[in-house]
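If you read the protein sequences in the order shown, they are chains Z and V. Numbering-wise (the working numbering), the first sequence opens with residue 1 and increments by one. Numbering-wise (the working numbering), the second sequence opens with residue 197 and increments by one. Ideal placement from N, C-alpha and C gives every residue a C-beta, glycine not left out. On a predicted model such as this, the values are computed, not experimentally measured, just so you know.
There are 2 protein chains.
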Amino acid sequence: MSTTGATDRGGRPALTSAHQLAAVAQALFVERGFEQTSVDDIAAAAGVSRRTFFRYFSTKADVLWVESPTEIATFRRLLDEAPATEPWRHAIIRTAPTALHHPPEERTWMLHRAQLLLTVPAVQEKAALRHDEWRRIATAFVARRRDTDEGDLVAIAAGHATLAATLGAHEYWIAHSDQDLPDLHGRFLDLLLPAD
Amino acid sequence: MSTTGATDRGGRPALTSAHQLAAVAQALFVERGFEQTSVDDIAAAAGVSRRTFFRYFSTKADVLWVESPTEIATFRRLLDEAPATEPWRHAIIRTAPTALHHPPEERTWMLHRAQLLLTVPAVQEKAALRHDEWRRIATAFVARRRDTDEGDLVAIAAGHATLAATLGAHEYWIAHSDQDLPDLHGRFLDLLLPAD
DNA sequence: TCGACTTTTGACACACCGTGTCATAACCTG
DNA sequence: CAGGTTATGACACGGTGTGTCAAAAGTCGA
């Protein structure tokens, strides 16, 4: 979370960081649009070369998912830690909104991110892989709880429902940003998850 | 469906057609992989220039959605024609599988298509736009039936549920291709659509 | 202080995607 | 045969993402 448990084994110090690049890039996206911003622009604004950008992110759009590995890992961990007595439906409704929760000071950042994600087609495309990962976590969890494999019909349905609820909650939130995202998320999950 | 109500206003006859290009392209995708197939390869195999390919399809992946406009239009039409007495939940469960229905002789073609769609990341990405359109049709329909706008929470949820069910059914079908896709589709819809 | 090691960086070069432009080919009708 | 119409091919261009390699800028040990 905070600073580096990284062991310093010498070598040239980095000129930038993933988070700094992400901040610079997202600011440019918001300001002049995603497709109107080239990787050259981002690199120049961050004071590094284009090649360096691609060492931090394998795709231009990837800067929007800097937090994603953390969120994904949190979701997986929370489900792993869910008490065996808790029904899987309840566990998902409880953990999914928590995994995506961010402190209030990151709210406008999140809102901008969500708007880019749901509005810009080129960005929406790149979301597919992340969505898949998110979905698979839920599917695997439900399969475990139901003592089946990941080919289980209900588990597959639950996975897709989890993703659908997450996207739906964000879509609704964009238009009603005064409301509480985790709360909305829970309501969508309750509406869409199949019966236990 | 079958041949051309197109008025012939003269001009040079086309060397190829969207369907022929799509067939050639999908065959190459299945044979050697999507990313291992360049547009140059497709064009060469079809006997036209690269530029011509992009006049028929605006993206390499678009060949996989030749049938999409028809399916989308059918879904929209079927919902428009649904009797006002039919509950919206039932109407979606009835019409969505029908709109995606294809004659048996196109089965292997559909199976290949579905496998590419759910397996190859680069293809999955391009699906986002089509999925959005599919989802919006359901959302708009539910909003109409509930006398609300497309910002309605239940309508949004129903839209995402419709898409989730469609994807889930295809995913399940890939692993159990002996079963009936429309039937699976209906079961997923029944499982995921929120209560009326 | 000097040299060996490690890591980050920048400079090129390259394949591919998708777009704009323009001349040419191949059909129609009068 | 002339003029209109449509499809095509050739070419150039900006952008993305990748591979390669030499140079920069630190660390540590002798």
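Please name the residue, chosen from the options, that lies closest to residue i on a Cα-to-Cα basis.
| i | options | result |
| --- | --- | --- |
| Z/A22 | Z/D62, Z/T95, Z/A127 | Z/D62 |
| Z/P104 | Z/T70, Z/L181, Z/W134, Z/L189 | Z/L181 |
| Z/V154 | V/R341, V/A360, V/G347 | V/A360 |
| V/A353 | Z/Y172, Z/Q26, Z/R12 | Z/Y172 |
| V/E329 | V/F271, V/A240, V/F249 | V/F271 |
| V/A239 | V/R228, V/G229, V/Y252 | V/Y252 |
| V/L307 | V/V226, V/E346, V/R247 | V/V226 |
| Z/L191 | Z/I93, Z/L79, Z/P13 | Z/I93 |
| V/F230 | V/P317, V/S373, V/H372, V/D348 | V/P317 |
| Z/T98 | Z/P13, Z/R77, Z/G10 | Z/R77 |
| V/T281 | V/R228, V/T248, V/R342 | V/R342 |
| Z/S17 | Z/T52, Z/H176, Z/T70 | Z/T52 |
Excluding the 5 residues flanking residue i on each side, which residues of the same chain have their C-beta closer than 6 Å to its C-beta?
| i | result |
| --- | --- |
| Z/L15 | V48 |
| Z/A82 | A91 |
| V/K256 | V235 |
| V/S254 | none |
| Z/I72 | E133 |
| V/M197 | Interpretation of V/M197 is limited by its pLDDT of 38, a score under 50 that renders its predicted location unreliable; the figure taken from the coordinates is listed afterwards. Cβ neighbours of V/M197 beyond the five flanking positions: none. |
Could you name the residues of the same chain whose beta carbon sits closer than 7 Å to that of residue i, not counting the 5 residues immediately before and after it, in chain order?
| i | result |
| --- | --- |
| Z/Q115 | I174 |
| V/D392 | P283, W284, R285 |
| Z/R130 | W65, S68 |
| Z/A169 | L181, L184, H185, F188 |
| V/A241 | V220, L224 |
| V/A292 | F271, T358, T362, H381, L385 |
| Z/H19 | V66 |
| Z/H101 | P182 |
| Z/E150 | T139, A140, A143 |
| V/D146 | Residue 146 of chain V is absent from the model: chain V starts at 197 and stops at 392. |
| V/T169 | This structure cannot settle anything about residue 169 of chain V, because the visible part of chain V is limited to 197 through 392. |
Locate the alpha helix (DSSP H) running through residue i, then write down its first and last residues.
| i | result |
| --- | --- |
| Z/K60 | No alpha helix (DSSP H) holds Z/K60; DSSP gives it neither H nor E. |
| V/F271 | 264 to 277 |
| Z/H185 | 181 to 192 |
| Z/L153 | 153 to 175 |
| V/Q222 | 214 to 228 |
| Z/T37 | Note, Z/T37: premise wrong, no alpha helix (DSSP H); not H, not E. |
| Z/T52 | 50 to 56 |
| V/T304 | 303 to 315 |
| Z/R89 | 88 to 99 |
| Z/T139 | 128 to 145 |
Whole-angstrom Cβ separation of residue i and residue j, contact assumed at under 8 Å?
| i | j | result |
| --- | --- | --- |
| V/L385 | V/T358 | 7 Å |
| V/R331 | V/G355 | 4 Å |
| V/E321 | Z/A138 | Between Z/A138 and V/E321 the Cβ distance is about 21 Å, and since that is not below 8 Å, they are no contact. |
| V/L222 | V/R309 | The displayed chain sequence assigns Gln, not Leu, to residue 222 of chain V. Between V/R309 and V/Q222 the Cβ distance is about 7 Å, and since that is below 8 Å, they are a contact. |
| V/F337 | V/L389 | With 8 Å as the limit, V/F337 and V/L389 do not qualify as a contact, their Cβ atoms being about 12 Å apart. |
Can you give me the Cβ contacts of residue i inside the same chain, cut-off strictly under 8 Å, excluding the 5 residues immediately before and after it?
| i | result |
| --- | --- |
| Z/D41 | L28 |
| V/L313 | L260, V319, Q320, A323, H366 |
| V/D374 | none |
| V/F250 | V235 |
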